[in-house]
Amino acid sequence: MSIDSPGALHTSYVKLSLVFAVVFVVVAVEVVVVEVVVVGGEGGGGGGLIVVVVVVVVVVVVVVVVVVVVVVVVVVVVVVGISMVVVNIVAVIVNIM
331 MSIDSPGALH TSYVKLSLVF AVVFVVVAVE VVVVEVVVVG GEGGGGGGLI VVVVVVVVVV
391 VVVVVVVVVV VVVVVVVVVV GISMVVVNIV AVIVNIM
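Residues 331 to 427, numbered by the working numbering, are exactly what the sequence shown covers, in order.
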């Protein structure tokens, strides 16, 4: 493996995480719109509000989880990348000796 691999891995993970985040947000917005239109249309104003609050809380939790996952993945990839650089340096030193 070359030093470039962790960088490529890191990029693909970030792209994947961003895609997931966008999908979650889009779905969440659609759900909120549907709930407001359907529940609000039935005249259940109070109930509709509660549902919207619940949906918003769920969306926030999901977004936080996605962000945490992205951060963890980035940290892991950076650590792996650094450790691979160290391994390469050690290998070079050993070869010189």
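All C-beta atoms in this analysis are idealised placements derived from N, C-alpha and C, irrespective of residue type, glycine included. Nothing here was measured: the structure is a model prediction, and the numbers come from that model.
(message) Distance check for Val383 and Ser413, CA to CA, integer angstroms please.
(response) 45 Å
(request) Consult DSSP for Met414 and reduce its assignment to one of helix, strand or coil. (result) helix
(request) Taking 8 Å as the threshold, find out whether the segment 345 to 361 comes into contact with the segment 389 to 401 through three or more Cβ pairs. (result) yes
(message) Quick check on the burial criterion: 16 or more other C-beta atoms within 10 angstroms. Buried or exposed for Val416?
(response) exposed
(message) Whole angstroms are fine: how far does the CA of Val396 sit from the CA of Lys345?
(response) 12 Å
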